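Visitor: Structure below; questions to follow.
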């Protein structure tokens, strides 16, 4: 079964020149994503798997795929732990 990700409906996203700002409307917490974090978020919420997002990140930034994979997993873990991103199974 594949996992898909979506932005928590209680989260507002505003893109900036340097990435994005996310506001959790229930908690009042806000987070800033750099352009790489925003690219990962966009990729995952567009239906990409972690592996696909990592390959895209590696290609865009000339990184080893293993390093990009670790970065995608770290961004995903941060977004999920803050209840900004949720998953469908």
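Numbering (our numbering), first residue to last: 4 to 92. For each residue, glycine too, the CB sits at the ideal point set by N, CA and C. All of these numbers come straight from a predicted model, not from anything done at the bench.
Determine the burial state of residue 32: buried for a count of at least 16 other Cβ atoms within 10 Å of its Cβ, exposed for fewer.
Guide: Under this definition residue 32 is an exposed residue.
Visitor: In terms of alpha-carbon separation, which member of 21, 45, 27, 44 lies closest to residue 38?
Guide: Checked all of 21, 45, 27, 44; the closest Cα to residue 38 is 21.
Visitor: Using 8 Å as the threshold, is the C-beta distance between residue 79 and residue 88 below it?
Guide: Taking 8 Å as the Cβ cut-off, residue 79 and residue 88 qualify as a contacting pair.
Visitor: Per DSSP, which one or two residues make a beta bridge with residue 22?
Guide: Note: residue 22 sits in a beta bridge opposite 19, 37.
Visitor: Expressed to the nearest angstrom, what Euclidean distance is found between the alpha-carbon atoms of residue 75 and residue 84?
Guide: Using only the alpha carbons, I get a separation of about 14 Å.
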